[in-house]
Amino acid sequence: MRDSTVVVTGGTRGVGAGIARAFAEAGARVLACARRPPEQPCDGVEFVPLDLRDPPAVRAFFAGLPRLDVLVNNAGGTPYRHLADADAERHAKVIELNLVTPLTASLAAYDHLRRARGSIVMVGSVSGSRPSPGSAAYGAAKAGLANLAASMAVEWAPEIRVNTLVVGMVHTDLAPLHYGGPDGVAAVSRTVPLGRLACPSDVGAAAVFLASDAAAYISGASLHVHGGGERPAFLDAAAPHVPDASIQGKES
Numbered sequence: 004m005r006d007s008t009v010v011v012t013g014g015t016r017g018v019g020a021g022i023a024r025a026f027a028e029a030g031a032r033v034l035a036c037a038r039r040p041p042e043q044p045c046d047g048v049e050f051v052p053l054d055l056r057d058p059p060a061v062r063a064f065f066a067g068l069p070r071l072d073v074l075v076n077n078a079g080g081t082p083y084r085h086l087a088d089a090d091a092e093r094h095a096k097v098i099e100l101n102l103v104t105p106l107t108a109s110l111a112a113y114d115h116l117r118r119a120r121g122s123i124v125m126v127g128s129v130s131g132s133r134p135s136p137g138s139a140a141y142g143a144a145k146a147g148l149a150n151l152a153a154s155m156a157v158e159w160a161p162e163i164r165v166n167t168l169v170v171g172m173v174h175t176d177l178a179p180l181h182y183g184g185p186d187g188v189a190a191v192s193r194t195v196p197l198g199r200l201a202c203p204s205d206v207g208a209a210a211v212f213l214a215s216d217a218a219a220y221i222s223g224a225s226l227h228v229h230g231g232g233e234r235p236a237f238l239d240a241a242a243p244h245v246p247d248a249s250i251q252g253k254e255s
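The opening position of the sequence shown corresponds to residue 4 in my numbering, with each subsequent residue numbered one higher.
Dropping the structure here:
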């Protein structure tokens with residue numbers, strides 16, 4: 004990745020900061036786009052103020068770049084909100100942030116990436132492939148993002164590779180708020196087969212891999228970064244009632 008130019012949207016905190024840092028450590032010139040500057044600047048990462056929901060501003064930013072090799076569409080997120088607790092317009096804003104803005108950025112970056120024979124990495128979520136109560140609009144957007152990436156990979160080949168990181172639970176500064184403090188984080192970590200939540204650096208390493216020459220023949224793929232996923236709930240529910248626990252999971 005040395006001497007490559009990489010744009011990471013939402014690259015100033017949490018997962019995005021981990022991705023930006025990983026590319027910087029790999030020797031790339033990294034531009035982190037977000038509305039607010041990072042609380043802790045990272046060496047080798049340049050902050051660019053940008054509202055990804057402003058298409059003219061997004062197009063102007065990419066048009067002003069001398070070159071671009073990699074675009075990481077990371078910006079996104081959602082509050083916890085049940086569907087019936089808000090109107091459709093509010094849910095639509097979540098879909099706009101998590102699905103429309105990656106499309107906007109990708110289209111704005113297209114000419115640069117085509118010339119560089121570069122790549123796009125979408126940051127998806129396990130919420131896009133399972134029910135997501137409390138964040139249904141977010142899950143729907145991430146499902147759409149994976150499909151969008153697969154379609155882009157076909158339409159824009161062979162000049163541009165497009166892949167998706169399907170990210171599970173990540174230990175960021177906000178993790179205690181989501182999972183209920185240190186005890187909650189520890190309890191949730193025990194549900195992950197690898198025994199811990201991901202670190203932002205884990206996601207960053209996967210993003211660098213997908214953008215690198217080591218993944219030169221990988222496009223249209225979804226790489227799961229979730230520590231093995233989730234243990235099926237029925238196994239734990241059935242355990243007290245099964246005489247020989249060793250037979251659990253053998254019935255399909």
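Glycine included, each C-beta is placed from N, C-alpha and C at the ideal position.
Annotated three-state conformation of Ala240 is helix, per DSSP. Across the structure, Leu106 and Ala240 are spaced so that their CA atoms are roughly 42 Å apart. By alpha-carbon distance to Tyr83, the top candidate from Phe212, Gly137, Pro44 and Gly67 is Gly137.
Of the candidates His115, Leu151 and Leu71, Leu151 places its Cα closest to the Cα of Asn101. Arg164 sits away from Pro196, with the two beta carbons spaced by 8 Å or more. Here Arg118 carries a helix assignment [DSSP, helix/strand/coil]. Cα atoms of Trp159 and Thr104: separation of roughly 18 Å, rounded to the nearest angstrom.
Looking only at Leu74, Ala242, Tyr182 and Arg56, the smallest Cα-Cα distance to Ala35 is reached by Leu74.
In the structure shown, Pro40 adopts coil according to DSSP, grouped into three states.
Taking each of Arg16, Gly21 and Thr15 in turn and checking the Cα distance to Val211, the smallest one comes out for Gly21. With contacts defined by Cβ atoms closer than 8 Å, Ala78 and Leu55 form a contacting pair.
Contact check between the stretch 190-205 and the stretch 131-150: fewer than three CB pairs, one atom from each, fall below 8 Å, which does not count as touching.
Straight-line spacing of the CA atoms in Phe65 and Arg32 works out to 15 Å.
Here Glu49 carries a strand assignment [DSSP, helix/strand/coil]. Our two residues, Asp186 and Pro203, have alpha carbons roughly 20 Å apart in a direct line. Its Cα nearest to that of Gly121, the residue Ala214 stands out among Arg16, Glu99, Ala214 and Leu238. Rounded to whole angstroms, the separation of the alpha carbons of Arg62 and Gly171 is 31 Å. With respect to Val129, His229 sits close: the two C-beta atoms are nearer than 8 Å.
The DSSP-derived three-state label of His229 is coil.
Cβ-Cβ distances below 6 Å link Val191 to Tyr182 in the same chain, with the five nearest sequence neighbours on each side left out; the list follows chain order. If the five residues before and after Pro44 are omitted, its C-beta is found closer than 8 Å to the C-beta atoms of Phe50, all from its own chain and listed in chain order.
Our two residues, Asp114 and Pro161, have alpha carbons roughly 14 Å apart in a direct line. Rounded to the nearest angstrom, the gap between the Cα atoms of Gly80 and Ala178 is 13 Å.
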